[in-house]
Amino acid sequence: MDLDFKKRGAIMYGGAAFLNSARKFLFHSFVLLSFFFLFTSCLNTLSFQSARTTPKGKFDAGVGTGAGFNVNAWNPNAPNFSEPYSFSDGEDNPLFWYTGTYLLRYGLTERLDLGLKLSPLSTIQLDGKYMIYGDQSSKTALAVGAQLGYLGGFQNNDDVLTIPELGMMVYGSWHPNDWFQMYATPRYLARLTHTLNETTNTETTLFQNWAGATIGGRFGNRFGVLGEVSMLPISNQRGFPFFEVNFGVDFRMYRPKLAYP
């Protein structure tokens, strides 16, 4: 009896120590990554999700940061650009930017979940994902999704920007074990930027769209470390080809079922 009691005590102590270490890890990760949010841009393609959906009634949370690069910054002969790398109509585009995002997902059903992405200087994004192939324990999965984003009243020098955006995605992922996954996300992104210049009281509207994909991976079970690269080389004449590199951490607010016992 005493031996069983000691075993239970050791297990409880080990579990408490693990949770305490996990909380410290997440706290320091959130603080460190949140520092980059002071420099974030209004353009963000961070995904941080596989084709598997969050289980019904459960939550996932995470934080990520990274950097984006305008490919035309290295191409002085890029179409529709003039010195110093601006559109001929005077619409400037960033050459380099930081990204920073808080993420939260909730499972509506076993095959449908909703996600919320928050960034201080980026659009607020709400997305939904439906898993059309596979389940929570299959080695492969496939899903489709869409997202809506909006940024209102963003101040850029004398300009006030209002940006609604629409995204459509296809998710494919591979789960060789319970501790590692890889995913690919072909995507289409469109945004309409309305600019009001407070000095001249003039308004302009700019439509941009892109097509490309995100490739990434996650290591961990309940607590995970993620990294991904987004490449959007196809755009309309008002857009610009770019790529982003993002990394971060996430936490599943439930105990995942082991698919590979």
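Heads up: the sequence shown begins at 403 in this note's numbering, then just goes up one per residue. Using N, Cα and C, we set each Cβ at its ideal position, and we do this for glycine too.
>> Could you tell me the alpha carbon to alpha carbon distance between Glu630 and Thr587, rounded to whole angstroms?
In response: 10 Å
>> Assuming the contact rule is C-beta atoms closer than 8 Å, Ile565 and Thr525 should be a hit. Round their C-beta distance to whole Å, please.
In response: 6 Å
> How is Glu646 classed by DSSP in three states: helix, strand or coil?
Replying inline: strand
> How many angstroms separate the CA atom of Asn623 from the CA atom of Asn603?
Replying inline: Taken atom to atom, the span from the alpha-carbon of Asn623 to that of Asn603 is near 53 Å.
> Whose C-alpha, out of Leu594, Asn599, Val627, is nearest the C-alpha of Leu638?
Replying inline: Reading off the sequence, residue 638 comes out as Asn, not Leu. The shortest Cα separation from Asn638 among Leu594, Asn599, Val627 belongs to Leu594.
> CB-CB under 6 Å to Leu514, same chain, minus the five flanking residues each way: which ones, in chain order?
Replying inline: Tyr532
> Anyone know if the C-beta pair for Leu466 and Trp499 falls short of 8 Å?
Replying inline: One detail in the question is off: residue 466 reads as Gly in this sequence, not Leu. No; because the gap between Cβ atoms is not below 8 Å, this pair is not in contact.
> Alpha carbon to alpha carbon, what distance is there between Ala543 and Gly641?
Replying inline: 32 Å
>> Measuring alpha carbon to alpha carbon, tell me which residue in Arg589, Thr616, Leu445 is nearest Gly569.
In response: Arg589
>> If I follow the unbroken beta strand (DSSP E) through Tyr500, where does it start and stop?
In response: 498 to 509
> Using the C-alpha atoms, what's the distance from Gly517 back to Gly530?
Replying inline: Between the C-alpha atoms of Gly530 and Gly517 there is a straight-line separation of about 6 Å.
> Using CA coordinates, which residue listed in Ile534, Leu553, Gln538 is at the minimum distance from Ala545?
Replying inline: Ile534
>> Taking its Cβ as the centre, do 16 or more other Cβ atoms sit within 10 Å of Lys458, making it buried, or is it exposed?
In response: exposed
>> Just verifying my parser: in three-state terms, what is the DSSP assignment at Ser490?
In response: Any reading at Ser490 must be qualified, since the residue scores a pLDDT of 35, below 50, and its modelled position is unreliable; no value is offered.
> Where Ala613 and Ile636 are concerned, what is the direct C-alpha to C-alpha distance, given to the nearest angstrom?
Replying inline: Distance between the alpha carbons of Ala613 and Ile636 is about 5 Å.
> Which value, in whole angstroms, describes the spacing of the CA atoms of Leu550 and Lys519?
Replying inline: 10 Å
> Between the beta-carbon of Met571 and the beta-carbon of Gly547, is there less than 8 Å?
Replying inline: yes
>> In whole angstroms, give me the CA-to-CA distance for Phe537 and Arg454.
In response: What sits at residue 537 in the sequence shown is Asp, not Phe. Cα to Cα, Asp537 sits roughly 7 Å from Arg454.
> Where Pro643 and Val651 are concerned, what is the direct C-alpha to C-alpha distance, given to the nearest angstrom?
Replying inline: Using only the alpha carbons, I get a separation of about 27 Å.
>> Suppose contacts are defined by Cβ-Cβ distances below 8 Å. Is Gly468 in contact with Thr511 by that definition?
In response: Result no, Cβ atoms of Gly468 and Thr511 do not sit closer than 8 Å.
> Does the beta-carbon distance from Phe450 to Leu628 come in below 8 Å?
Replying inline: Contact: yes.
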